[in-house]
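K.L.:
I am attaching a structure below and will ask some questions about it afterwards.
2 protein chains.
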Amino acid sequence: MTIVELVAVGNELLLGDVLDTNTNWLCKRITGLGGRVGRTVLVEDDVEAIATEIRGALARGADVVFTTGGLGPTADDMTLAAVAQALDAPLEPSEEALAFVLDKYAELVDKGYVECAELSQERRKMAFLPRGAQPLYNPVGTAPGVVLNVGGTTIISLPGVPEELKGIFATSLQPVLKELLGESIFIEKMVIVHCGDESTLAPIVSKVAKDNPGVYVKSMAKPFHPEKRMPITLSLTGSDQGEVEAAIDKALGELGRALTDGGLSSISIT
Amino acid sequence: MTIVELVAVGNELLLGDVLDTNTNWLCKRITGLGGRVGRTVLVEDDVEAIATEIRGALARGADVVFTTGGLGPTADDMTLAAVAQALDAPLEPSEEALAFVLDKYAELVDKGYVECAELSQERRKMAFLPRGAQPLYNPVGTAPGVVLNVGGTTIISLPGVPEELKGIFATSLQPVLKELLGESIFIEKMVIVHCGDESTLAPIVSKVAKDNPGVYVKSMAKPFHPEKRMPITLSLTGSDQGEVEAAIDKALGELGRALTDGGLSSISIT
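Top line first, the protein sequences correspond to chains A and B.
If you're matching positions, the first sequence starts at 9 in this note's numbering and goes up one per residue.
If you're matching positions, the second sequence starts at 9 in this note's numbering and goes up one per residue.
See the structure below:
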């Protein structure tokens, strides 16, 4: 399975000014495509702090490292400098990225969003990539995404503005993801059980998990409530649709029987 | 300044099933109380993975490490085992924590949420703390929070259910936080500038930041939009209210003049 790590960059996240929704959005997509996110981190706008996280992910043998944020024109956008530092590679102007940035500002001038299309130092900065990297077309903003293969790891840098991140993910990143994640299958089912107490369900969840190795079985703790509803999720990633479905069905069946044996019932399965 | 690191625990976060709002909630509160969150991480339900992050935070010299999640009764709640492993300390039953858990289930039986008050193995598990730790009263759920001083670092473990985390934070954790964070002051101002292009603002933001060391000045990138509004935040933490206010006022004044000199205007300051 493809192991993925995420590095979200930005002081505004650590100050609590901005809720980082990019990490969750990417986790959901990567899981859905059959990858496994092993770890995510939020770090400050600091070249060495970001580079340390990238080096750590490489050392742990991650197949893919996503960075989010820090690709823009301001002085505190320093993710690409950090990727370069982590790999001991220089930052170099990319002709393709420069052409993209130039086109983008010309388009923004046409639309009346920006006064002039000239490539100032700040704008030019977005087209300086670590040696060996390729830009990814950004259908929303001015900063291209960046993809770079190093050893067995692919580093993918996306902007922090969610609309831009999603735009690149849905377009120019698709062929890259297809190659990295292949044709994996992920299936998840949720069973809502009529039970208010996670400690009562714990032995049942543990038994089903033990008897179905590979299937991830988890009860989702909630505050105690008179309605007594506890969700249990079962999920599995694999390469064969039929095998994944069969394994999930087997675990679902065993969960149902174990609940009945424990005097409990399920309200719904979705 | 008190340096804080956060470790959020839970496969459901990495699968993308649950958006981790605890990290942002804590970042906001800690910043507001004058602390500085240096780094946050999400890790899997795995004792060694969690322990590695705690050891890392200790090695980096964090003053406070918060963990969120993994305190409940199920087999995949393993945060306290990981804290113990990171510190090479045993897990021991805490009489105070056992009394709390027992009381809590008795109360839940009285309310009709739970069938029996008996301390099963799963329930008892929540009262096994790393040696030297103290339980923190949980006004919402059954798992006590945990506080532990080790060397110069305080490790605070809170449940992952947001209502429980917030409940402990607002009650039993308050005296601990007061001691750790002291009487620091944090002030933040936001200036909305009539400008649609972050690259145009970049030199102004850089100059104000350079001329006001300590004050954190940041433009908040947004997708291009006909309304042309770009927020710039200025913030500072310090021990003296008057000094912090004066420094922020000076930076605000200089930002206003730099905007005017650049032919730009602010729409609002809050």
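For glycine and all other residues, C-beta sits at the position ideal for the given N, C-alpha and C.
When burial is assigned at 16 or more other CB atoms within 10 Å of the CB, is B:R47 buried or exposed?
P.N.:
Translated into positions along the second sequence, residue 47 of chain B becomes position 39. Classification for B:R47: buried.
K.L.:
Note down the Cα distance separating B:R63 from B:L95, rounded to an integer number of angstroms.
P.N.:
The residue you call residue 63 of chain B lines up with position 55 of the second sequence. The residue you call residue 95 of chain B lines up with position 87 of the second sequence. Approximately 8 Å, taken between the alpha carbons.
K.L.:
Span of the alpha helix (DSSP H) holding B:P183?
P.N.:
Within the second sequence, residue 183 of chain B is the residue found at index 175, counting from 1. Element bounds for B:P183: 182-189.
K.L.:
If you drop the 5 nearest sequence neighbours on each side, which residues of the same chain put their C-beta closer than 7 Å to that of A:K215?
P.N.:
In the first sequence, the residue the question calls residue 215 of chain A occupies position 207. Excluding positions up to five away in sequence, the list reads A266.
K.L.:
According to the neighbour-count rule (16 or more other Cβ atoms, all chains shown, within 10 Å of its Cβ), is A:I176 buried or exposed?
P.N.:
Position 168 of the first sequence, counted from the start, is the residue given in the question as residue 176 of chain A. The residue in question, A:I176, is buried, as its Cβ has 16 or more Cβ neighbours within 10 Å.
K.L.:
Anything in chain A within Cβ reach of B:F232, meaning under 9 Å, just list it in chain order.
P.N.:
In the second sequence, the residue the question calls residue 232 of chain B occupies position 224. Going along chain A in sequence order, the residues near B:F232 (Cβ under 9 Å) are L116, K119, Y121, V122, V148, G149, T150.
K.L.:
Which of helix, strand or coil does DSSP assign to A:P239?
P.N.:
By 1-based counting over the first sequence, the position of residue 239 of chain A is 231. Reduced to three states, the DSSP call for A:P239 is strand.
K.L.:
By the three-class DSSP mapping on this structure, what secondary structure does A:G168 have?
P.N.:
For the purposes of this step, residue 168 of chain A is taken as the residue at position 160 of the first sequence. Coil, per DSSP.
K.L.:
Taking DSSP's pairing of strands, which residues face B:N30 in a bridge?
P.N.:
Here residue 30 of chain B is taken as the residue at index 22 of the second sequence, counted from 1. Looking at the DSSP assignment, B:N30 forms no beta bridge with any residue, so it has no partner.
K.L.:
Cβ of B:P81 less than 8 Å from any chain A Cβ?
P.N.:
In the second sequence, the residue the question calls residue 81 of chain B occupies position 73. Judged by the 8 Å Cβ criterion, B:P81 is in contact with chain A.
K.L.:
Return the chain-ordered ranges of every beta strand (DSSP E) run that is complete within the segment 95-154 of chain B and spans a minimum of 3 residues.
P.N.:
Segments of the beta strand (DSSP E) lying fully in the segment 95-154 of chain B: 99-101, 136-138, 142-144.
K.L.:
List the residues of chain A that B:R47 touches, going by C-beta distances under 8 Å, in chain order.
P.N.:
On the second sequence, residue 47 of chain B is found 39 positions in, with the first residue counted as 1. Correct list: L22, V49, L50, V51, E52, A57.
K.L.:
Taking all protein chains shown into account, do 16 or more other C-beta atoms lie within 10 angstroms of the C-beta of A:A151, making it buried, or fewer, making it exposed?
P.N.:
Position 143 of the first sequence, counting from 1, holds the residue named residue 151 of chain A. Counting Cβ neighbours within 10 Å, A:A151 comes out buried, since at least 16 surround it.
K.L.:
Check whether the segment 213-233 of chain B touches the segment 174-192 of chain B, counting contact only when three or more Cβ pairs, one atom from each stretch, lie closer than 8 Å.
P.N.:
Result no; under three Cβ-Cβ pairs closer than 8 Å.
K.L.:
Alpha carbon to alpha carbon, how far is B:G246 from B:V223? Give it in angstroms, no decimals.
P.N.:
Mapped onto the second sequence, residue 223 of chain B falls at position 215. Mapped onto the second sequence, residue 246 of chain B falls at position 238. About 10 Å.
K.L.:
Checking the sheet assignment: what are the DSSP bridge partners for B:H202?
P.N.:
Against the second sequence, residue 202 of chain B aligns to sequence position 194. In the DSSP output, where bridge partners are listed per residue, B:H202 has B:R237.
K.L.:
Could you check where the beta strand (DSSP E) with B:V16 kicks off and where it finishes?
P.N.:
Here residue 16 of chain B refers to the residue found at position 8 when the second sequence is read from its first residue. Reading off the sequence shown, one finds Ala at residue 16 of chain B, where the question assumed Val. 11-17 is the extent of the beta strand (DSSP E) around B:A16.
K.L.:
Between A:L27 and chain B, is any beta-carbon pair separated by less than 8 Å?
P.N.:
Position 19 of the first sequence holds residue 27 of chain A. Judged by the 8 Å Cβ criterion, A:L27 is in contact with chain B.
K.L.:
What separation, rounded to the nearest whole angstrom, lies between the Cα atoms of A:G77 and A:V15?
P.N.:
The residue labelled residue 77 of chain A in the question sits at position 69 within the first sequence. The residue labelled residue 15 of chain A in the question sits at position 7 within the first sequence. Computed Cα separation, rounded: 9 Å.
K.L.:
Strictly below 7 Å CB to CB, what residues from chain B border A:V169?
P.N.:
Taking the first residue of the first sequence as 1, we reach residue 169 of chain A at position 161. Result: A229, K230, P231.
K.L.:
Evaluate the contact criterion for the segment 83-91 of chain A versus the segment 202-218 of chain B: three or more CB pairs, one atom per stretch, below 8 Å.
P.N.:
The answer is yes - the segment 202-218 of chain B touches the segment 83-91 of chain A, with three or more Cβ pairs under 8 Å.
K.L.:
Measure the C-alpha to C-alpha separation of A:P101 and A:A90 and round it to an integer number of angstroms.
P.N.:
As a working mapping, residue 101 of chain A is identified with position 93 in the first sequence. As a working mapping, residue 90 of chain A is identified with position 82 in the first sequence. Straight-line Cα distance between these residues: approximately 16 Å.
K.L.:
Would you please state the rounded distance, in angstroms, between the beta carbons of B:L181 and B:G153? I believe it to be under 8 Å.
P.N.:
For the purposes of this step, residue 181 of chain B is identified with residue 173 of the second sequence, where counting begins at 1. For the purposes of this step, residue 153 of chain B is identified with residue 145 of the second sequence, where counting begins at 1. Contact holds; Cβ gap of about 7 Å.
K.L.:
Mind pulling the chain B residues with CB within less than 8 Å of A:D205?
P.N.:
For the purposes of this step, residue 205 of chain A is identified with residue 197 of the first sequence, where counting begins at 1. Under the 8 Å cutoff, chain B gives L116, Y121, V122, E123.
K.L.:
What are the boundary residues of the beta strand (DSSP E) that includes B:R63?
P.N.:
As a working note, residue 63 of chain B is residue 55 in the second sequence. Looking at the DSSP string, B:R63 is not in any beta strand (DSSP E); the run it does join, the alpha helix (DSSP H), is 55-67.
K.L.:
Hey, does A:V213 have any beta-carbon neighbour from chain B nearer than 8 Å?
P.N.:
Numbered from its first residue, the first sequence carries residue 213 of chain A at position 205. By this cut-off, A:V213 is an interface position.
K.L.:
Helix, strand or coil for B:V74? Go by DSSP, reduced to three states.
P.N.:
Here residue 74 of chain B refers to the residue found at position 66 of the second sequence. According to the sequence displayed, residue 74 of chain B carries Phe and not Val. Strand, per DSSP.
K.L.:
Our contact map puts A:A114 next to A:A125 with C-beta atoms below 8 Å; I'd like the distance itself, whole angstroms only.
P.N.:
Here residue 114 of chain A refers to the residue found at position 106 when the first sequence is read from its first residue. Here residue 125 of chain A refers to the residue found at position 117 when the first sequence is read from its first residue. Correct: roughly 5 Å between the Cβ atoms.
K.L.:
Would you call B:E1 buried or exposed, if buried means 16 or more other Cβ atoms sit within 10 Å of its Cβ?
P.N.:
Outside the modelled stretch of chain B, which goes from 9 to 278, sits residue 1 of chain B, for which no answer is possible.
K.L.:
Closest to A:T241 by CA distance: which of A:K197, A:L263, A:V201, A:G270 is it?
P.N.:
Counting from 1 along the first sequence, the entry for residue 241 of chain A is found at position 233. A:T241 has its Cα closest to that of A:K197, out of A:K197, A:L263, A:V201, A:G270.
K.L.:
I want to verify the contact list: residues of chain B whose CB lies under 7 Å from the CB of A:K226, in sequence order.
P.N.:
As a first step, residue 226 of chain A is located in the first sequence; it is residue number 218 there, counting from the start. Those are N19, E20, D84, listed as they occur along chain B.
K.L.:
In this structure, what does DSSP give as the bridge partners for A:E251?
P.N.:
If you number the first sequence from 1, residue 251 of chain A lands on position 243. In the DSSP output, where bridge partners are listed per residue, A:E251 has none listed.
K.L.:
Identify which residue in B:I38, B:G18, B:L23 has its Cα closest to the Cα of A:L22.
P.N.:
Counting from one through the first sequence, the residue named residue 22 of chain A turns up at place 14. The shortest C-alpha separation from A:L22 is found at B:I38.
K.L.:
Give a yes or no on whether the minimum CB-CB distance between A:A135 and chain B is below 8 Å.
P.N.:
As a first step, residue 135 of chain A must be located in the first sequence, where it is residue number 127. So no, A:A135 is outside the interface.
K.L.:
Please state the DSSP three-state secondary structure of A:V223.
P.N.:
Position 215 of the first sequence, counted from the first residue, corresponds to residue 223 of chain A. DSSP places A:V223 in coil when its eight states are reduced to three.
K.L.:
Which value, in whole angstroms, describes the spacing of the CA atoms of B:V199 and B:E206?
P.N.:
Position 191 of the second sequence, counted from the start, is the residue given in the question as residue 199 of chain B. Position 198 of the second sequence, counted from the start, is the residue given in the question as residue 206 of chain B. Each residue's alpha carbon lies about 14 Å from the other.
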